[in-house]
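Residue numbers (mature numbering (1 follows the signal peptide of the UniProt record, and there is no 0)): -19 to -1, 1 to 138.
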């Protein structure tokens, strides 16, 4: 009986230590934010954010040194670059749009790497390449999140 109790206590202690250090979560997962309907992935000096707004996937690279006049071109696995500049007069959470959920989701879900080329008049062109990781899970979360808030907003009317 005592041997089982010691073994059980060690297993509980190990699982608590693993949970506290984050070793149990896969490194390729995107952090999910239900309140804001977005997913994030840490990069050197900041994070990459994907959000969903009215059926459109938007992207932002958030760092302390951002320029207001940045333009992004995003490509997946070396494919054709996507110009993220929104149409004039378009509104959204962020200024850079990847495209409609129906178009972006299948590509993002299967991609291994995402390259973001950032151009600004006041600094040299920069390319950030990140591992997409579990892109299918990130897209599924964004879709479910948008559906959740749509239902919740309809109930409040």
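Ideal placement from N, C-alpha and C gives every residue a C-beta, glycine not left out.
Computed from a predicted structure; not experimentally measured.
Beta-ladder partner(s) of residue i, from DSSP
{"i": "residue 19", "result": "14, 32"}
{"i": "residue 27", "result": "24, 44"}
{"i": "residue 53", "result": "99"}
{"i": "residue 78", "result": "39"}
{"i": "residue 64", "result": "54"}
{"i": "residue 94", "result": "112"}
{"i": "residue 136", "result": "Paired residue(s): none; residue 136 is not in a bridge."}
{"i": "residue 145", "result": "Because the chain spans -19 through 138 in this model, residue 145 falls outside it and cannot be assessed."}
When the options are compared against residue i, the one with the closest alpha-carbon
{"i": "residue 118", "options": "86, 50, 74", "result": "86"}
{"i": "residue 88", "options": "105, 108, 113, 104", "result": "113"}
{"i": "residue 11", "options": "27, 31, 25", "result": "31"}
{"i": "residue 140", "options": "67, 61, 95, 129", "result": "Within the shown structure, residues of the chain are numbered from -19 to 138, placing residue 140 beyond reach of any answer."}
Rounded C-alpha distance that separates residue i from residue j
{"i": "residue 116", "j": "residue 22", "result": "11 Å"}
{"i": "residue 90", "j": "residue 120", "result": "7 Å"}
{"i": "residue 122", "j": "residue 101", "result": "31 Å"}
{"i": "residue 80", "j": "residue 65", "result": "8 Å"}
{"i": "residue 104", "j": "residue 13", "result": "31 Å"}
{"i": "residue 53", "j": "residue 131", "result": "29 Å"}
{"i": "residue 27", "j": "residue 109", "result": "11 Å"}
{"i": "residue 17", "j": "residue 107", "result": "28 Å"}
{"i": "residue 127", "j": "residue 135", "result": "12 Å"}
{"i": "residue 60", "j": "residue 67", "result": "20 Å"}
{"i": "residue 133", "j": "residue 74", "result": "19 Å"}
{"i": "residue 124", "j": "residue 55", "result": "21 Å"}
Beta-carbon spacing of residue i, residue j below 9 Å
{"i": "residue 99", "j": "residue 111", "result": "no"}
{"i": "residue 39", "j": "residue 78", "result": "yes"}
{"i": "residue 82", "j": "residue 20", "result": "no"}
{"i": "residue 41", "j": "residue 76", "result": "yes"}
{"i": "residue 44", "j": "residue 63", "result": "no"}
{"i": "residue 92", "j": "residue 58", "result": "yes"}
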